[in-house]
Structures are given as C-alpha cells and as structure tokens.
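Chemist:
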Amino acid sequence: MEIQVIIEDDGFWKAIKSIRNILQPLAVASNILQAPTTHMYHVLLTLGNLYQIFKTATGIPAEIAQGAIKSLERRWKDNADQELFILSIILNPYIHNRCFNSTANRNLTPAGLYKMAECACSRILKEDVGPGFFTAFMDYLHKHNNYSAQWMSLDSWKEEAAKMGKEPDIIRIWESIMPANSAGCECLFSKLGLVHMKK
Numbered sequence: 049m050e051i052q053v054i055i056e057d058d059g060f061w062k063a064i065k066s067i068r069n070i071l072q073p074l075a076v077a078s079n080i081l082q083a084p085t086t087h088m089y090h091v092l093l094t095l096g097n098l099y100q101i102f103k104t105a106t107g108i109p110a111e112i113a114q115g116a117i118k119s120l121e122r123r124w125k126d127n128a129d130q131e132l133f134i135l136s137i138i139l140n141p142y143i144h145n146r147c148f149n150s151t152a153n154r155n156l157t158p159a160g161l162y163k164m165a166e167c168a169c170s171r172i173l174k175e176d177v178g179p180g181f182f183t184a185f186m187d188y189l190h191k192h193n194n195y196s197a198q199w200m201s202l203d204s205w206k207e208e209a210a211k212m213g214k215e216p217d218i219i220r221i222w223e224s225i226m227p228a229n230s231a232g233c234e235c236l237f238s239k240l241g242l243v244h245m246k247k
C-alpha cells in the first residue's frame with residue numbers, strides 16, 4: 049500500500065526526473081572520459097559541455113547547478129594544464145579555434161594562441177621554436193597552404209573513419225602531412241638519449 053501511494057504521488061516522479069536531469073550529463077561525461085580512446089580535446093570539450101548544461105539547465109535545482117559550475121571552474125583554474133588542453137582542441141583540424149570566443153579573451157586570439165603554442169613547445173621540447181614555427185602555426189590557424197582541409201584530405205579521413213564507426217585519427221592525419229625527412233625526429237631522439245644518459 050505504501051509503495052502505491054509513493055508511485056501515485058506526482059512529486060515523487062518530479063523528483064526522479066530532477067535526479068535524472070542531474071545524473072545524466074554526469075554519466076555521459078564519465079563514459080566519455082573513461083573510454084580507452086579519450087584524447088585531451090575530448091576532456092576539454094566534455095568539461096565545456098557540462099559547464100554549458102549546468103549553466104543553462106532549467107530542470108536542475110539552481111543550488112545544484114551552481115555547485116556543479118563552481119566545481120568545474122575550480123578544477124579548471126587550479127588543476128588543469130590549461131594551455132595544453134586548449135592547444136589539443138586547436139590542433140584538432142576538425143575543430144581548430146571554432147569553439148573559442150577570441151573577442152572575449154585575448155589569449156584566444158591568433159597572437160595569443162601562437163604564444164601559447166610557443167610556450168608549450170619550449171616547455172616540452174626544452175628549446176626555443178624557430179621563426180618558421182610562427183608562419184606554420186598561422187598557416188594552420190587560417191587553414192592555408194599545407195594546412196587547408198583539401199591539402200590535409202580531411203573529408204577523406206572523415207569518410208574512412210565513418211565506415212569503421214570511429215572518429216578520424218588525428219595522429220595519423222598529422223603523420224600524413226609531416227616532412228619527408230627525419231631530421232627533426234632524429235634531433236629529438238638524440239636529445240632524449242642525452243637526457244637519459246646524464247646521471
């Protein structure tokens with residue numbers, strides 16, 4: 049009898065719907081972030097999507113939505129390597145800088161993104177980038193020369209991946225447009241050997 053009273057209560061079903069509205073985006077995000085094929089750009093896009101859901105949600109109590117937003121902001125501010133996450137999206141040729149508002153943040157303008165990429169490369173490679181890096185990065189941002197969608201065969205990569213029910217493999221795309229010689233790689237491996245040989 050008690051169960052029937054609960055089931056017939058409209059408030060019970062509204063509470064269940066509210067709980068579903070809260071948990072569903074978190075469950076989807078969890079599935080994305082735990083997948084074996086998750087890349088850095090998936091992480092930032094997922095966090096951005098969660099932020100947007102909780103910012104604009106009408107079926108979620110305001111205090112819960114605000115708590116989720118504050119948690120996302122805190123994690124982004126305190127724990128995330130922001131430059132690398134942003135660059136992971138920029139360096140995805142299917143996304144580029146389309147999901148960033150460069151008028152709201154000077155760090156997301158082409159000049160700001162170049163500085164971000166320059167700092168990240170210097171930090172990771174432990175050397176300054178050369179003058180050709182600026183030209184190549186700007187060509188990439190503006191989809192010119194070797195970085196146009198046609199030159200990179202982005203439509204073909206996408207069609208091939210769709211046949212297999214997958215996303216295009218960004219690493220394979222980048223490998224397909226790399227220089228024909230291995231001087232850059234050899235230099236990096238030489239440096240890696242020097243680092244590991246030091247005691």
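My numbering applies: residue 49 is where the sequence shown begins, and numbers increase by one. Every residue gets a Cβ at the ideal spot worked out from N, C-alpha and C, and that includes glycine.
In or out: Trp-61 buried (at least 16 other Cβ within 10 Å) or exposed?
Modeler: Locating residue 61 in the sequence shown gives position 13, counting from the first residue. It is exposed - the Cβ of Trp-61 has fewer than 16 other Cβ atoms within 10 Å.
Chemist: Just to confirm before moving on: does the CB-CB distance between Asn-140 and Tyr-89 stay below 8 Å?
Modeler: For the purposes of this step, residue 140 is taken as residue 92 along the sequence shown, with counting starting at 1. For the purposes of this step, residue 89 is taken as residue 41 along the sequence shown, with counting starting at 1. Taking the C-beta atoms as reference points, Tyr-89 is found nearer than 8 Å to Asn-140.
Chemist: Which same chain residues, not among the five before or five after Lys-105, have their C-beta less than 6 Å away from its C-beta?
Modeler: Locating residue 105 in the sequence shown gives position 57, where the first residue counts as 1. Correcting the residue identity first, residue 105 is Ala in this sequence and not Lys. Ala-113.
Chemist: For Phe-182, which residues of its own chain have a beta-carbon under 6 Å away from its beta-carbon, when the five flanking residues on both sides are left out?
Modeler: Here residue 182 refers to the residue found at position 134 of the sequence shown. Cβ neighbours of Phe-182 within its own chain (closer than 6 Å, five residues either side excluded): none.
Chemist: Along the chain, which unbroken stretches of the alpha helix (DSSP H) at least 4 residues long are found entirely within the segment 94-130?
Modeler: 110-126
Chemist: DSSP three-state call for Leu-139: helix, strand or coil?
Modeler: To locate residue 139, count along the sequence shown from 1; it is residue 91. DSSP places Leu-139 in coil when its eight states are reduced to three.
Chemist: Can you list, in chain order, the residues of its chain with a C-beta nearer than 8 Å to that of Ser-170? Leave out the 5 residues immediately preceding and following it.
Modeler: Residue mapping note: residue 170 aligns to position 122 of the sequence shown, counting from 1. Around Ser-170: Asp-176, Val-177.
Chemist: Counting C-beta neighbours from all protein chains within 10 Å, is the total for Ser-230 16 or more, i.e. buried, or is it exposed?
Modeler: Position 182 of the sequence shown, counting from 1, holds the residue named residue 230. Summary for Ser-230: the model assigns pLDDT 48, below 50, so the residue's position carries little reliability; its value from the coordinates is reported in the next sentence. Counting Cβ neighbours within 10 Å, Ser-230 comes out exposed, since fewer than 16 surround it.
Chemist: I need the DSSP call for His-190, collapsed to helix, strand or coil.
Modeler: One-based indexing of the sequence shown puts residue 190 at position 142. If DSSP states are grouped into helix, strand and coil, His-190 belongs with coil.
Chemist: Kindly list the residues whose CB is nearer than 6 Å to the CB of Tyr-99, restricted to its own chain and excluding five residues on each side of it in sequence; keep chain order.
Modeler: Within the sequence shown, residue 99 is the residue found at index 51, counting from 1. By the criterion of a C-beta distance shorter than 6 Å, Tyr-99 is surrounded in its chain by Leu-120, once the five residues flanking it on both sides are discounted.
Chemist: Give the list of continuous alpha helix (DSSP H) stretches no shorter than 4 residues that lie fully inside the segment 159-225.
Modeler: 179-189, 202-211, 218-224
Chemist: Along the alpha helix (DSSP H) that carries Arg-68, what are the first and last residues, could you check?
Modeler: As a position in the sequence shown, residue 68 is number 20, starting the count at 1. 58-82 is the extent of the alpha helix (DSSP H) around Arg-68.
Chemist: Taking 8 Å as the cut-off, decide whether the C-beta atoms of Leu-161 and Leu-189 are in contact.
Modeler: Counted from its first residue, the sequence shown places residue 161 at position 113. Counted from its first residue, the sequence shown places residue 189 at position 141. Result yes, Cβ atoms of Leu-161 and Leu-189 sit closer than 8 Å.
Chemist: Taking the C-alpha atoms as reference points, what is the distance between Arg-68 and Ile-172?
Modeler: Position 20 of the sequence shown, counted from the start, is the residue given in the question as residue 68. Position 124 of the sequence shown, counted from the start, is the residue given in the question as residue 172. Each residue's alpha carbon lies about 42 Å from the other.
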